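Protein chains: 2
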Amino acid sequence: MSAQPPQIRVAVSTVIFALLPAPDGEIRVHLPLVRRTRDPYAGAWALPGGWVCAQESLSDAGRRTLAETTGLRPSYLEQLYTFGHPERSPGGRVVSVVYSALVRNHEAAGTGAGPVPVDNVSWCPVDDAVGLAFDHDEIVRYAIWRLRSKVQHAHVAQHFLGERFSLAQLREVHEAVLQKPLDPANFRRQVEGSGAVVPTGERLTGGRHRPPQLYRAVLTPESAGPFGRAGPPS
Amino acid sequence: MSAQPPQIRVAVSTVIFALLPAPDGEIRVHLPLVRRTRDPYAGAWALPGGWVCAQESLSDAGRRTLAETTGLRPSYLEQLYTFGHPERSPGGRVVSVVYSALVRNHEAAGTGAGPVPVDNVSWCPVDDAVGLAFDHDEIVRYAIWRLRSKVQHAHVAQHFLGERFSLAQLREVHEAVLQKPLDPANFRRQVEGSGAVVPTGERLTGGRHRPPQLYRAVLTPESAGPFGRAGPPS
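Quick mapping for you: the protein sequence lines, in order, are chains U and B.
Here full-length UniProt numbering is used: position 70 in the first sequence is 70, and no number is missing along the way.
Here full-length UniProt numbering is used: position 139 in the second sequence is 139, and no number is missing along the way.
As structure tokens, then:
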């Protein structure tokens, strides 16, 4: 590594989701927002967060700033993603490590989880959380997209293969990654039942009497990367 | 946010996986390592990486440092996790944003992907990558764990529910998160076929003639968090 790197400040932000009734009575995903009292973006709504202190871990900073601003103390926080675009914060570069958690609705009670804000904190239906400070709109969009895609299956192994592959080739990749043999008949049943691959109508070439069928992955926006595209576009 | 935060330097590291033949002939997951030429940890093997420059994005810093040290230029890099323990780097706090990619073995060729290191770069079987500089052992263990767990299904919805729930309750959570109705019979078939839940033998209490069965999630270490435990332990 070369000489002194440029000054970049490190912060944390938290995105907390709960299923709560919206004003129209529908159950929707909500998150808590805090109204900023100082510049930049004084008066705008933002994600709970703050600076990372010298001797605390990143997750402790997430827990501390969340508890200080909203009173929420979820049993765990999961690191979601780190946002660090050079221009995301006016007045100097800030990298924000974003933590997230899902909470039950009783955990949200008493922390402003109703139509009236409590102490600058208000729970907002996620699709209404727009016009926030900094790049928090983008952070929220990403967090809800992650949640929605995670309820479905992750597609990984086809990133070690080309566009077309036999089921045996697919199984061998799973076996190499998991370091354990997989029963071919069960594997076939699971994969064909998952809808993750479709036959191409072509067969592997070669001298065999009945060469195996070739398949391709069914790619969705959520599965476009090896770790399930676990990151925002670009 | 309060006054000036403490000085924390920001770096990137990259973990690149390829399926390559090991010396014993078995196909295993490998990754490229670089032998450090300066302190701290001069002479030790480490992940490719470096400081983030003032005007570049985090992913560009990952791409640039990877290309500069190994010649590798994968078509995308995915942000894996940010490591920021206060004591991970001697001589002052460094937060490292780790990027990862899977590459085909032909992309690894010519960049030291054989038994002899090329220009301080050597591809190492992932389970042999120990004794590395900084906390890079921990980063590698986490990356391979993520890869191995991602080939299986992510379990999400039960984090909005209690320990026991009916299939209808589970379906309603999926519908609220995905914002679309799901056919109950298909949903039941998918969930029962996935092995993600098991019946508890109990039924929902109530006055109905045949109250619905209660199920619980089959939790594995990989599924212990709402986003599939996508983070290292603590």
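A virtual CB, placed ideally from N, CA and C, is assigned to each residue, including glycine.
Small disclaimer: the values here were computed from a predicted structure and weren't measured.
Quick test of your reading: residue i and residue j, contact by CB under 8 angstroms. State the CB separation rounded to the nearest angstrom.
{"i": "residue 62 of chain U", "j": "residue 14 of chain U", "result": "5 angstroms"}
{"i": "residue 45 of chain U", "j": "residue 35 of chain U", "result": "6 angstroms"}
{"i": "residue 30 of chain U", "j": "residue 123 of chain U", "result": "4 angstroms"}
{"i": "residue 108 of chain U", "j": "residue 18 of chain U", "result": "4 angstroms"}
{"i": "residue 51 of chain B", "j": "residue 11 of chain B", "result": "5 angstroms"}
{"i": "residue 57 of chain B", "j": "residue 136 of chain U", "result": "With 8 angstroms as the limit, residue 57 of chain B and residue 136 of chain U do not qualify as a contact, their Cβ atoms being about 18 angstroms apart."}
{"i": "residue 93 of chain B", "j": "residue 9 of chain B", "result": "7 angstroms"}
{"i": "residue 193 of chain U", "j": "residue 193 of chain B", "result": "6 angstroms"}
Leaving out five residues before and five after residue i in sequence, what residues of the same chain have Cβ atoms less than 7 angstroms from its Cβ?
{"i": "residue 143 of chain B", "result": "15, 80 and 100"}
{"i": "residue 89 of chain B", "result": "134"}
{"i": "residue 210 of chain U", "result": "none"}
{"i": "residue 195 of chain B", "result": "218"}
Let me see if you follow: with CB-CB separation under 7 angstroms, is residue i close to chain B or not?
{"i": "residue 74 of chain U", "result": "no"}
{"i": "residue 151 of chain U", "result": "Confidence at residue 151 of chain U is low in this model, with a pLDDT of 37, below 50, so the placement of that residue should be treated as unreliable; the coordinate-derived value is given next. It does; some Cβ of chain B falls within 7 angstroms."}
{"i": "residue 64 of chain U", "result": "no"}
{"i": "residue 44 of chain U", "result": "no"}
{"i": "residue 54 of chain U", "result": "yes"}
{"i": "residue 57 of chain U", "result": "yes"}
{"i": "residue 159 of chain U", "result": "With a pLDDT of only 46 at residue 159 of chain U, under 50, the local geometry of the prediction cannot be trusted, and the value read off the model is given with reservation. Taking Cβ atoms only, chain B reaches closer than 7 angstroms to residue 159 of chain U, which makes this a yes."}
{"i": "residue 212 of chain U", "result": "no"}
Thinking just about the alpha-carbon of each residue, which of the options is nearest to the one in residue i?
{"i": "residue 48 of chain U", "options": "U:20, U:200 and U:139", "result": "U:139"}
{"i": "residue 164 of chain U", "options": "U:136, U:199, U:171 and U:76", "result": "U:199"}
{"i": "residue 7 of chain B", "options": "U:54, U:43 and U:17", "result": "U:54"}
{"i": "residue 91 of chain B", "options": "B:137, B:69, B:125 and B:40", "result": "B:40"}
{"i": "residue 169 of chain B", "options": "B:217, B:5, B:141 and B:93", "result": "B:217"}
{"i": "residue 183 of chain U", "options": "U:192, U:171, U:78 and U:194", "result": "U:171"}
{"i": "residue 71 of chain U", "options": "U:83, U:141, U:97 and U:121", "result": "U:121"}
{"i": "residue 65 of chain B", "options": "B:87, B:32 and B:43", "result": "B:32"}
{"i": "residue 78 of chain U", "options": "U:60, U:126 and U:95", "result": "U:60"}
{"i": "residue 25 of chain U", "options": "U:119, U:125 and U:5", "result": "U:125"}
Take residue i and list the residues in its own chain whose beta-carbon comes closer than 8 angstroms to its own, dropping the five residues that flank it on each side.
{"i": "residue 189 of chain B", "result": "none"}
{"i": "residue 166 of chain B", "result": "204, 212, 213, 214 and 215"}
{"i": "residue 95 of chain B", "result": "8, 9, 10, 11, 82, 83 and 84"}
{"i": "residue 27 of chain B", "result": "19, 20 and 21"}
{"i": "residue 206 of chain B", "result": "none"}
Could you confirm whether any beta carbon from chain U is found closer than 7 angstroms to the beta carbon of residue i?
{"i": "residue 121 of chain B", "result": "no"}
{"i": "residue 8 of chain B", "result": "yes"}
{"i": "residue 51 of chain B", "result": "yes"}
{"i": "residue 209 of chain B", "result": "no"}
{"i": "residue 48 of chain B", "result": "no"}
{"i": "residue 193 of chain B", "result": "yes"}
{"i": "residue 21 of chain B", "result": "no"}
{"i": "residue 40 of chain B", "result": "no"}
{"i": "residue 32 of chain B", "result": "no"}
{"i": "residue 5 of chain B", "result": "yes"}
Apart from the five residues on each side of it in sequence, which residues of its chain come closer than 6 angstroms, Cβ to Cβ, to residue i?
{"i": "residue 69 of chain B", "result": "34 and 48"}
{"i": "residue 75 of chain B", "result": "none"}
{"i": "residue 97 of chain B", "result": "12, 58 and 82"}
{"i": "residue 102 of chain B", "result": "17"}
{"i": "residue 187 of chain U", "result": "171"}
{"i": "residue 132 of chain B", "result": "45 and 46"}
{"i": "residue 67 of chain U", "result": "73"}
{"i": "residue 202 of chain U", "result": "214"}
{"i": "residue 87 of chain U", "result": "none"}
{"i": "residue 224 of chain B", "result": "Because the pLDDT at residue 224 of chain B is just 43, under 50, the model does not fix this residue reliably, and the value given afterwards should be weighed accordingly. Answer for residue 224 of chain B: no residue qualifies."}
Give the residues of chain A in contact with residue i, contact being defined as C-beta atoms less than 8 angstroms apart.
{"i": "residue 97 of chain U", "result": "You won't find chain A in this structure, because its protein chains are U and B."}
For this session: At 4 residues or longer, and completely inside the UniProt domain "Nudix hydrolase" (7-148) of chain U: list those alpha helix (DSSP H) runs for me, N to C.
Result: If we require 4 residues or more, the alpha helix (DSSP H) runs fully inside the UniProt domain "Nudix hydrolase" (7-148) of chain U come out as 58-70 and 105-108.
For this session: Pick out the complete alpha helix (DSSP H) segments inside the segment 160-203 of chain U, 4 residues or longer, and give them in chain order.
Result: Runs of alpha helix (DSSP H) with 4 or more residues, each lying fully within the segment 160-203 of chain U, are found at 167-178 and 184-194, listed in chain order.
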